[in-house]
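A.B. asks: Numbering (this note's numbering), first residue to last: 2 to 298. Let me begin by handing over the structure; questions about it come next.
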């Protein structure tokens with residue numbers, strides 16, 4: 002039997018896996034590949050790998066409506082891929098991941114708009130902490146840093162579509178194996194990308210000229226490893242602790258961009274990263290404390 006810390010490590014590593022994707026996308030751009038090529042190959046090869054792995058998991062016969070629901074649920078995932086990879090065309094990798102993490106407070110707004118769920122005091126405090134941390138981590142307080150409004154806009158669109166993906170995923174209660182579900186939804190994401198960014202790379206020799214490497218790397222670390230590790234670890238550690246552990250994607254992305262891409266990250270920006278992580282952890286720690294108090298009674 003695996004101990005709880007082993008499951009916690011799997012969730013942590015799943016977050017780290019997400020965190021390295023932006024670095025590979027940046028390197029792919031530096032090799033001359035375009036948004037449509039990087040994003041299309043990422044989700045195409047990611048879905049192919051997931052389908053291969055899904056051969057070994059139990060399956061149930063799905064109705065046509067269930068297939069359609071899961072395929073359509075992949076649309077915001079595909080949009081997140083397009084918007085996030087486009088963000089990386091305009092800003093550095095460490096700033097892009099900070100923009101993406103704004104999904105945490107956008108999710109609260111979506112819950113209020115669609116479910117009339119009023120945000121708690123804890124969630125509002127967490128949002129304030131995350132926004133303050135993002136201000137520091139972005140380097141915005143350093144006047145000599147140039148900012149791209151286009152990049153920021155795409156980054157926030159990525160955060161919005163990712164929040165929508167999480168929101169819709171929570172409503173898709175079809176009883177199938179998570180890896181099988183991931184394969185179908187990632188296929189939906191790939192189809193979305195192909196509609197918006199036609200997959201010319203399939204016929205113009207880009208794949209054989211090196212694109213396949215970046216498609217495999219981004220697909221493997223972004224679409225294959227995280228779902229598998231999260232599916233094993235999350236049920237054991239619980240959603241609250243799991244949310245904290247999966248936020249490892251932020252320090253991983255910033256560290257990778259510093260070491261591999263040689264992006265400059267100041268001490269103030271690192272402090273901002275720590276504050277963002279604290280903002281993500283805060284409501285989840287409060288949940289655990291409340292739960293413990295309730296059990297005490």
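Idealized CB from N, CA, C, for every residue including glycine.
Cutting at 6 Å between CB atoms, please list the residues of its own chain near residue 45, excluding the five before and the five after it.
C.D. replies: 191
A.B. asks: Specify, as a first and last residue, the run of the alpha helix (DSSP H) that residue 122 falls within.
C.D. replies: 122-138
A.B. asks: With H, G and I counted as helix, E and B as strand and the rest as coil, what does DSSP make of residue 81?
C.D. replies: helix
A.B. asks: Between which two residues does the alpha helix (DSSP H) containing residue 212 stretch?
C.D. replies: No alpha helix (DSSP H) contains residue 212, which DSSP labels as neither H nor E.
A.B. asks: Extract the residue ranges of the alpha helix (DSSP H) inside the region 208-292, only unbroken runs of 4 or more that lie entirely within it.
C.D. replies: 213-220, 226-238, 240-247 and 250-260
A.B. asks: Would a C-beta distance cut-off of 9 Å place residue 279 and residue 20 closer than the cut-off?
C.D. replies: no
A.B. asks: For residue 299 and residue 242, what's the separation of their Cα atoms in angstroms?
C.D. replies: Absent from the structure is residue 299, since the part of the chain shown begins at 2 and ends at 298.
A.B. asks: Verify the contact flag: residue 160, CB atom, against every heavy atom of the ligand SAM, threshold strictly below 8 Å.
C.D. replies: This structure lacks the ligand SAM, and indeed carries no ligand of any kind.
A.B. asks: State the CB to CB distance for the pair residue 16 and residue 135, rounded to an integer number of angstroms; the pair is presumed to be in contact (CB under 8 Å).
C.D. replies: At roughly 18 Å, the Cβ-Cβ gap does not stay under 8 Å, so residue 16 and residue 135 are not in contact.
A.B. asks: Rounded to a whole number of angstroms, what is the C-alpha to C-alpha distance between residue 211 and residue 283?
C.D. replies: When the Cα atoms are used, residue 211 and residue 283 turn out to be separated by approximately 43 Å.
A.B. asks: Alpha carbons only, please: which of 178, 202 and 281 is nearest the one belonging to residue 57?
C.D. replies: Ranking 178, 202 and 281 by CA distance to the CA of residue 57 puts 178 first.
A.B. asks: Does the region 63-76 come close enough to the region 21-34 to have 3 or more Cβ pairs within less than 8 Å?
C.D. replies: no
A.B. asks: Taking residue 277 and residue 102 to be in contact with their CB atoms under 8 Å, please state how far apart those CB atoms are, rounded to whole angstroms.
C.D. replies: 6 Å
A.B. asks: Taking only beta-carbon positions, decide if residue 271 is within less than 9 Å of chain C.
C.D. replies: The structure shown contains no chain C; it is built from a single protein chain.
A.B. asks: Under the rule that 16 or more other beta-carbon atoms within 10 Å means buried, what is residue 114, buried or exposed?
C.D. replies: Residue 114 should be labelled exposed.
A.B. asks: Which same chain residues end up closer than 7 Å to residue 188 when comparing Cβ atoms and leaving out the 5 residues on each side of it in sequence?
C.D. replies: 48, 72 and 75
A.B. asks: Which stretch, first to last residue, makes up the alpha helix (DSSP H) that contains residue 13?
C.D. replies: 5-31 is the span of the alpha helix (DSSP H), which, as asked, contains residue 13.
A.B. asks: Is it the case that the Cβ atoms of residue 194 and residue 82 are separated by a distance below 9 Å?
C.D. replies: Cβ distance < 9 Å, so residue 194 and residue 82 count as in contact.
A.B. asks: Of all the options 206, 124 and 96, which has the alpha carbon lying nearest to the alpha carbon of residue 109?
C.D. replies: 124
A.B. asks: When DSSP labels each residue in this structure, what does residue 149 get in the three-state scheme?
C.D. replies: coil
A.B. asks: Using the Cβ count rule (16 or more neighbours within 10 Å means buried), how would you classify residue 174?
C.D. replies: exposed
A.B. asks: How many whole angstroms separate the CB atoms of residue 91 and residue 155, which I take to be in contact at a CB cut-off of 8 Å?
C.D. replies: 7 Å
A.B. asks: Of the residues 224, 121 and 281, which one's Cα is nearest the Cα of residue 183?
C.D. replies: That would be 224, whose Cα lies nearest to the Cα of residue 183.
A.B. asks: In three-state DSSP terms, what is residue 98?
C.D. replies: Here residue 98 sits in helix by DSSP.
A.B. asks: Which residues mark the beginning and the end of the alpha helix (DSSP H) in which residue 182 is found?
C.D. replies: Run containing residue 182: 179-197, per the alpha helix (DSSP H) assignment.
A.B. asks: Would residue 260 pass as a contact of residue 54 if the rule is Cβ separation under 9 Å?
C.D. replies: no
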